[in-house]
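Undergrad: Read top to bottom, the protein sequences are chains A and B.
If you use the working numbering, the first sequence closes out at 408, no skipped numbers anywhere.
If you use the working numbering, the second sequence closes out at 385, no skipped numbers anywhere.
Let me begin by handing over the structure; questions about it come next.
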Amino acid sequence: MEPRIAVTGLGLVTPIGIGREDVWNGLLAGRSGFAPVESFDTRLFSVHLGAEVRGFDPGPYVRRLDPAALGRASQMAIAAARLALADAGLDVDLETGAVDPERAGVAMGTTSGEPREVEKLDDRILAGELDRVGAEFLSLYPCHTIAAHVARELGFAGVNTMIPTACAAGNYALAHALDVLRAGRADLMLAGGADSFSRITYTGFARLGAIAPERCQPFDRNRKGMIPGEGAAVLVLEPLERALDRGTRIYAELAGYGLSCDAHHMTAAHPEADGAARAMERALADVGAAPEEVSYVSAHGTGTPTNDRLEILAVKRVFGAAAPRIPMSSIKSMIGHTMGAASAIEAAVCALAIAENRIPPTMNLEEPEDGLDFVPNEARDHQVLLAMNNAYAFGGNNASVILRKVGL
Amino acid sequence: LSARRQVVVTGAGVISPLADSPRGLHKALCAGTSGLKPIELFSLDGLGLDGHGPEEAGEIRPFEPRQYLGERNLRPVDRTSRLLLAAAQAALDESGWTPELRSEREVGLVLGTTFCSVKTIAEFDRRGIQLGPSHVSPLDFANSVINAAAGQTAIWHGLRGVNSTISAGEASGLLAIASGAGMISSGHTAALLAAFATYAAGFLVRPFGALFFGRLGDLVGRKYTFMVTIVVMGLSTVLVGCLPTYASIGVLAPILLVLLRLLQGLSASGEQAGANSMTLEHAPDRRRGFFTSFTLEGTQAGLILANLAFLAVAALPDEQLFSWGWRIPFFLSALVVAVGYWVRRSLPETPEFQKAEQAHEVVKLPVVATSATRLSRPIAFSAAA
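Take a look at the structure:
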């Protein structure tokens, strides 16, 4: 029998707050994380809003390493990891040796890694200062350094994997960590995602016409696009039996996942949402659950006209007659699209929805699309036994992860 | 079922500074050849090296993507993706995963990369700064994510399974291979492999069916055996249509499916053996070859009928097709079987068998009495049928 895997700690760094409690309260209250972009000059753009993590200070979290020698995504990842360990009651154990460092691993997802390091390099090149580029570029930029930095900061010497599968990367990292734990290759995994606000990403989405000018309205008939954001999330995963033994709080079980590829287009989804539906079906099969058993769907829900239309199509195909009864919301209406961190943050929200039996709303919803329950504008009390977290990415990478209430 | 699957390597593709095939690379490495060449892909000017830095690197040169990828439009894919496309093409070719096979079954991809397309990313950024955000190319943006090459390769080669990218610096490639193997052994491609095994099982038993029913025909008569095979074949086919799903009876469902496929395979090859002897022994002496050829025509016509039946239900929306539509062709086979049974009931026993029976010449172990060269033919034939 493969071990069941529990979620025992949550660490969140988001545009609407830092730490589990702050973020969760913000989501239930419909707090907005959007403001004019501060990281770079947007005067040449026709859109100006972003979801940045304002006033983030890595100091309290980055204790062993030098924060100045880390990229911003790594800093946020370490903060989320520290917060998650503390939330799981394991931060003390690190010093007492209760966690075997060689059996503790890290799996992180990202879209762009540390794009700001490339941006700094480009600024040097454009200024004719190529000779002033230092060797530190090689330790700062490659995206696997995010997971490596988290491991170095914490002394985790086990499995260490970075999965850059764009906007589905958080879910991919969770899936990878689940496999590692199921196979018994680690006793403890930190899994999640991180991305920093980036000029490159913003330029690209602006060029695609995908950024909303005023607000993000997933599943609204008048939606105009997504709003790029940044952040990090880390979930503490460990075998359920170990978690029960040490008597810690268990948010939920990480029950299974499904992955698929559209093999259709780099930036546009499959016209019949084939890959998205197959990922959901795979995840349900992995868990051994019927579609009607799902009690909450955390949508990818970027707020772009195409994504939301196709996601609705896929959900209707998979859930059939049960689709209208299953609440589905998108927290991107509040925290924006945090890229590689997004599905990790949303997985943490699924764990909280299960633990608290509360569902955060889809905000800014005035004229909802037909046929599904998008939990408009107000959080809802709802018993959540099985939550499905969906994420879709550039490259046609689709990933659905399912969390389940423990005791089922 | 929890036992982990063994994973084997069935194909490899290499695009490297030394050679563009695994064999070529191996040969060059064993010969101690160096792949280092003077750097040509970019200029070293302005780096402030003043002749103290490296001037050689492992560039892949010349690299002509068309040589591997033909005439399709290469504009959307950058150099990193083209290298991967070419290597993937060679690996798929060698392993026999044809485009048709890839459209039927999901093939996944796990890519290991450190930088992916850092050149594309940086150029995209600089263009945006120099010319303004409205002058960058969406195509370049698509290639600026770190999983771009994996996504492009999935599109180019039609890989619809798991698609992942792993970054671990210089260990990326190894970790990607380990991760891919893990995906297969942990069963995240279970449906694919299980379906393959089920389909194959029915074929593997066919030689035994031909032997068993062939002998039965010699012992109890052609006609009786011919009636048994059509009933067994018909029943096992209709029962496949009645099988409960994995969701309702769990692992028993695939087990029953394999058992029914075995029965179906055994009786189908028995049918072929019976049809051959029935036709052969009823045919006029001088036209035996001609008449017997119709038994194979019948098999092929049956295949066409079966495919037409599946084509018809495949037009159903996926939801209906997968919930109940797939059962229809299996039920329809009952019609064919009923007609076949009715026709065969009125058939007399073959004159040859009647003569042999009257002369008490029915051989106990006909297989042993047949020479090895003659034996090999029906096996090869049955296996191909």
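Note that beta-carbon positions come from the ideal geometry of N, C-alpha and C, so glycine has one too.
All values derive from a computational prediction rather than experimental measurement.
1. What is the residue span of the alpha helix (DSSP H) that alanine 142(B) lies within?
2. With a threshold of 7 Å on Cβ separation, who are the neighbours of valine 409(A) within its own chain once the five nearest residues in sequence on each side are excluded?
3. Given this structure, state the Cα-to-Cα distance separating glycine 132(B) from aspartate 308(A), to the nearest angstrom.
4. Among residues of its own chain, excluding the 5 on either side of glycine 180(B), which ones have a beta-carbon nearer than 6 Å to its beta-carbon?
5. Please state the DSSP three-state secondary structure of tyrosine 61(A).
6. Compute the beta-carbon to beta-carbon distance between aspartate 122(A) and alanine 122(B), rounded to the nearest angstrom, for a pair I have assumed lies under 8 Å.
7. Do we get a CB-CB distance below 8 Å when we pair methionine 328(A) with the residues of chain B?
8. Throw me the rounded Cβ distance for the alanine 148(B) and serine 81(B) pair, which I believe falls under 8 Å.
9. Kindly indicate which residue of Ala80(A), Ser329(A), Asp100(A) and Leu208(A) has the alpha-carbon position closest to the one of histidine 149(A).
10. Assuming alanine 273(B) contacts phenylalanine 213(B) under a Cβ cut-off of 8 Å, what Cβ separation, rounded to an integer in Å, is found between them?
11. Taking the Cβ atom as the reference point for each residue, do glutamate 114(A) and serine 74(A) lie within a distance shorter than 8 Å?
12. For proline 305(A), would you say it is in contact with chain B, using Cβ-to-Cβ distances shorter than 8 Å as the test?
13. Is glutamate 214(A) near leucine 403(A), with beta carbons less than 8 Å apart?
14. Tell me whether the beta-carbon of leucine 174(A) lies closer than 8 Å to the beta-carbon of alanine 387(A).
15. Looking at chain B, is there any beta carbon in it that lies within less than 8 Å of the beta carbon of arginine 207(A)?
16. For tyrosine 392(A), go through chain B and note every residue whose CB falls closer than 9 Å to its CB, in chain order.
17. Helix, strand or coil for isoleucine 250(A) per DSSP?
18. For leucine 192(B) and chain A, any beta-carbon pair shorter than 8 Å?
19. Pull the bridge partners of tyrosine 246(B) from the DSSP assignment, please.
20. So what does DSSP say about methionine 388(A), is it helix, strand or coil?
21. Alanine 301(B) to phenylalanine 294(B), Cα distance in whole Å?
22. So the candidates are Gly336(A), Ile312(A) and Val401(A); which of them puts its Cα closest to the Cα of methionine 363(A)?
23. Please tell me whether threonine 110(A) and isoleucine 146(A) are closer than 8 Å, where the distance is taken between their beta carbons.
24. List the whole-angstrom C-beta distance separating threonine 114(B) from proline 327(A), where the pair is believed to meet the contact cut-off of C-beta under 8 Å.
25. Counting Cβ pairs closer than 8 Å, one from the region 172-190 of chain A and one from the region 149-159 of chain A, do we hit at least three?
26. Using 8 Å as the limit for Cβ to Cβ distance, is arginine 79(B) near chain A?
27. Note down, in chain order, every chain B residue with its Cβ under 9 Å from the Cβ of leucine 259(A).
28. Check for me: the alpha helix (DSSP H) holding arginine 72(B) runs from which residue to which?
29. DSSP three-state label for histidine 265(A), please.
30. Report the residue from Ala191(A), Ile312(A), Gly170(A) and Ser329(A) whose alpha carbon sits nearest the alpha carbon of tyrosine 421(A).
31. Taking only three categories from DSSP, how would you classify serine 329(A)?
32. Do the CB positions of glycine 9(A) and valine 236(A) come within less than 8 Å of each other?
33. Identify the continuous alpha helix (DSSP H) that holds proline 305(A) and give its terminal residues.
34. Should the region 283-303 of chain A be called in touch with the region 381-399 of chain A, which here means at least 3 C-beta pairs below 8 Å?
35. Would you say methionine 162(A) lies against chain B (beta-carbon separation less than 8 Å)?
36. Work out the CA separation of leucine 28(A) and histidine 48(A) for me, nearest whole Å.
TA: Looking at the atomic coordinates:
1. 138-142
2. Nothing in the structure corresponds to residue 409(A), since chain A is present only between 1 and 408.
3. 29 Å
4. Val110
5. coil
6. 6 Å
7. no
8. 6 Å
9. Ala80(A)
10. 5 Å
11. yes
12. no
13. no
14. no
15. yes
16. Chain B residues near tyrosine 392(A): none, gap ~12 Å exceeds 9 Å.
17. coil
18. In this prediction, leucine 192(B) scores a pLDDT of 31, lower than 50, which makes its location untrustworthy; the coordinate-derived value is nonetheless stated afterwards. No, leucine 192(B) lies away from the interface with chain A (no Cβ there is under 8 Å from its Cβ).
19. According to DSSP, tyrosine 246(B) bridges with nothing at all.
20. strand
21. 10 Å
22. Gly336(A)
23. yes
24. Their Cβ separation, rounded to whole angstroms, is 42 Å, which puts threonine 114(B) and proline 327(A) out of contact at 8 Å.
25. yes
26. no
27. Gly108, Gly161, Val162, Asn163, Ser164, Met183 and His188
28. No alpha helix (DSSP H) contains arginine 72(B), which DSSP labels as neither H nor E.
29. coil
30. With chain A represented from 1 up to 408, any question about residue 421(A) goes unanswered, as that position is not in the structure.
31. strand
32. yes
33. 305-319
34. yes
35. yes
36. 26 Å
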